[in-house]
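Chains A and B supply the protein sequences, listed in that same order.
Residues in the first sequence are numbered consecutively from 86, following my numbering.
Residues in the second sequence are numbered consecutively from 86, following my numbering.
There are 2 protein chains.
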Amino acid sequence: MSASLPYDEVMVATAREPLTRDRVIEAAVVFADEHGVDDLSMRKLGAELGVEAMSLYNHVENKDAMLDGMIDFVFSTIPIPDGDLDWRDHLRRLGRGTMTNFGSHPWVVHVCMTRGLLGPGALRFMDHVLGVLADAGFDDESAHHAWQMLASHTMGYAFQASAGVTEKDHAEFEMMIPRLAREVPNVARLAPFLIGCSWEDEYMFGLEIILDGLKARLK
Amino acid sequence: MSASLPYDEVMVATAREPLTRDRVIEAAVVFADEHGVDDLSMRKLGAELGVEAMSLYNHVENKDAMLDGMIDFVFSTIPIPDGDLDWRDHLRRLGRGTMTNFGSHPWVVHVCMTRGLLGPGALRFMDHVLGVLADAGFDDESAHHAWQMLASHTMGYAFQASAGVTEKDHAEFEMMIPRLAREVPNVARLAPFLIGCSWEDEYMFGLEIILDGLKARLK
DNA sequence: ACCTGAACACCGTTCAAGT
DNA sequence: ACCTGAACACCGTTCAAGT
């Protein structure tokens, strides 16, 4: 975009590009994607942006506000299905999109769990889902029930999917199995499923049960 | 129990009662119940026990291990229904018990979300649920599906219930409603339900849908 | 075997000072 | 208007030293 500028002009331009709230939050998202949210500190993020930590406070109120901004950033990028879909199909696609989106930002569920879901991005997303439910014929109370179920299901599975069971955890768990077999035989017997399961498949299986139950209570 | 000892002997006994892993963890549970888990630090917990922070490391490996112990403590106190119950009834009681138990320790879901669920207490609880499902006729794969759904539902609602929406939050949310009405009308319309809902009722409503769905897929 | 004091390497955040 | 440096009040944890 600035390819026609002389080389040193480009350098200066990128280096001095003034910080903005959006740039800070995007950089924080990238940092959390790469290093995990536990490693995200104001000092380190400042270093990443070539600035002292304290400069960030000119653009975000504090770290919590920055985390809220990161959540909103992710929510606002969840793809909204278009076209005239049956409400159940709409919610299936929305659910799958949410899961894959959260999958690219493994920290987001965890941060939501500690920060809540009241930012503008999350509210807009919620509003969209409630709109789909209202169009499907749910009254306000039922739509609320449905939202809570769908939200809980989605956050729950996204959380487990992003809990990041590493190879090391697998090995550790498998080493435990002999002892587990004596003390918690049912857990030991199901170990293959616990270790090998596809969270997206699990999620869609459960979503179907929920959609069935909601439909049965609709008419 | 030491009521027959002379008064000052009792004082000395309680003051000098040697620290143990169990005493440390119980004190941490009490501290988190009273002050919230965010305020729980090794230094403050030490002070509570009349000891320097560093002494605690003689009884717990580190803070994370202590948190794991706290989770296990809570899980091991969830009441297990007795008697020969229908599997759905059994799971209903288990679910309700879990919700109220988690309600007395509002920090526990949050800590589980960051520490996972692989301690002995949690494993024993999981084993019990899997046993109920196996007795009901679920094969291993279906039992795994069912467990994931029940766990996700329970953790999700317990989390929301314990997210602790304060009076201040309510007031703040109500003040936002006029602006919300323009930007997220569906959310604004459902505000009364969002503010006033009973998490236990919501939970049981959703549990019924899940149990229905699981039953339909059982035969 | 258990407890302590001092220290290390971090945090988020404030604030006066610079430009 | 934005950035910096030094400081404050905390963390979890290590380690040598005490008893």
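Ideal placement from N, C-alpha and C gives every residue a C-beta, glycine not left out.
Starting from His229/A, follow the alpha helix (DSSP H) in both directions and report where the run begins and ends. Asp225 to Ser247
For Ile280/A, does the count of other Cβ atoms within 10 angstroms reach 16, so buried, or fall short, so exposed? exposed
Residues of chain A with a CB under 7 Å from the CB of Asn271/B: which are they? Asp212, Leu215, Gly216 and Ala219
Just checking: is the beta-carbon of Asp123/A within a distance shorter than 7 Å of some beta-carbon in chain B? no
Establish whether the CB of His229/A and some CB of chain B are separated by less than 7 Å. yes
Taking 8 Å as the threshold, find out whether the segment 161–177 of chain B comes into contact with the segment 115–135 of chain B through three or more Cβ pairs. no
DSSP three-state label for Val217/B, please. helix
For His144/A, which residues from the same chain have a beta carbon less than 7 Å from its beta carbon, with the 5 sequence-adjacent residues on both sides left out? Leu104, Thr105, Arg106 and Val109
Whose C-beta lies closer than 8 Å to the C-beta of Phe158/A among residues of the same chain, with five residues either side of it excluded? Ile110, Glu111, Val114 and Gly206
Look up Cys282/B in the DSSP assignment and say whether it is helix, strand or coil. coil
Thinking Gly291/A and Met234/B are a contact (beta carbons under 8 Å), I'd like their distance in whole angstroms, please. 5 Å
Checking contacts by CB at 7 Å: is Gly180/A closer than that to chain B? no
Looking only at its chain, what residues have a beta carbon closer than 7 Å to the beta carbon of Phe187/A, apart from the 5 residues adjacent to it on each side? Val193, Val194, Ala243 and Ser247
Assuming contact is defined by CB atoms lying nearer than 7 Å, are Ile294/A and Gly298/B in contact in what I supplied? yes
Range covered by the alpha helix (DSSP H) that runs through Ala117/B: Arg106 to His120
Does any CB atom of chain A fall closer than 7 Å to the CB of Asp225/B? yes
Indicate whether the contact test is met: 3 or more Cβ pairs, each with one atom in the segment 137–153 of chain B and one in the segment 211–221 of chain B, closer than 8 Å. no
Using CA coordinates, which residue listed in Ala138/B, Arg264/B, Ser189/B and Arg177/B is at the minimum distance from Met289/B? Arg177/B
Which chain A residues are close to Glu287/B, counting only those with a beta carbon under 7 Å from its beta carbon? His230 and Gln233
Taking Met198/A as the query, report the chain B residues whose CB atoms sit under 9 Å from its CB, ordered along the chain. Val194, His195, Met198, Thr199, Phe244 and Ala248
Verify whether the separation of the beta carbon atoms of Leu275/B and Asp225/A is less than 7 Å. yes
Between the segment 132–159 of chain B and chain A, which residues of the former have a C-beta closer than 7 Å to a C-beta of the latter? none
If distances are taken between C-alpha atoms only, which option among Asp220/A, Trp284/A and Asp123/A comes closest to Gly180/A? Trp284/A
Cutting at 8 Å between CB atoms, please list the residues of its own chain near Gly131/A, excluding the five before and the five after it. Glu137, Ala138, Met139, Ser140 and Leu141
Heavy atom of the ligand MG less than 6 Å from the Cβ of Ala207/A, yes or no? With respect to small molecules bound, the structure shown includes none, and the ligand MG cannot be examined in it.
What does Phe290/A reach in chain B if we use C-beta pairs closer than 7 Å? His230
Is the CB of Ile110/A under 7 Å away from at least one CB in chain B? no
The alpha helix (DSSP H) spanning His195/A covers which residue range? Val193 to Arg200
Taking Cβ positions, are Leu208/B and Val269/A nearer each other than 7 Å? yes
Taking its Cβ as the centre, do 16 or more other Cβ atoms sit within 10 Å of Gly222/A, making it buried, or is it exposed? exposed
Kindly indicate if chain A contains any beta-carbon less than 7 Å away from that of Phe278/B. yes
For the putative contact between Cys197/B and Ile163/B, defined by C-beta atoms under 8 Å, what is the C-beta separation to the nearest angstrom? Between Ile163/B and Cys197/B the Cβ distance is about 13 Å, and since that is not below 8 Å, they are no contact.
Applying the criterion that 16 or more other CB atoms from any shown protein chain within 10 Å of the CB defines a buried residue, is Gly168/A buried or exposed? exposed
Test: Ile294/B CB closer than 7 Å to a CB of chain A: yes
Span of the alpha helix (DSSP H), counted from its first residue to its last, around Ala150/A: Lys148 to Phe160
Does DSSP put Gly131/B in a helix, a strand or coil? helix
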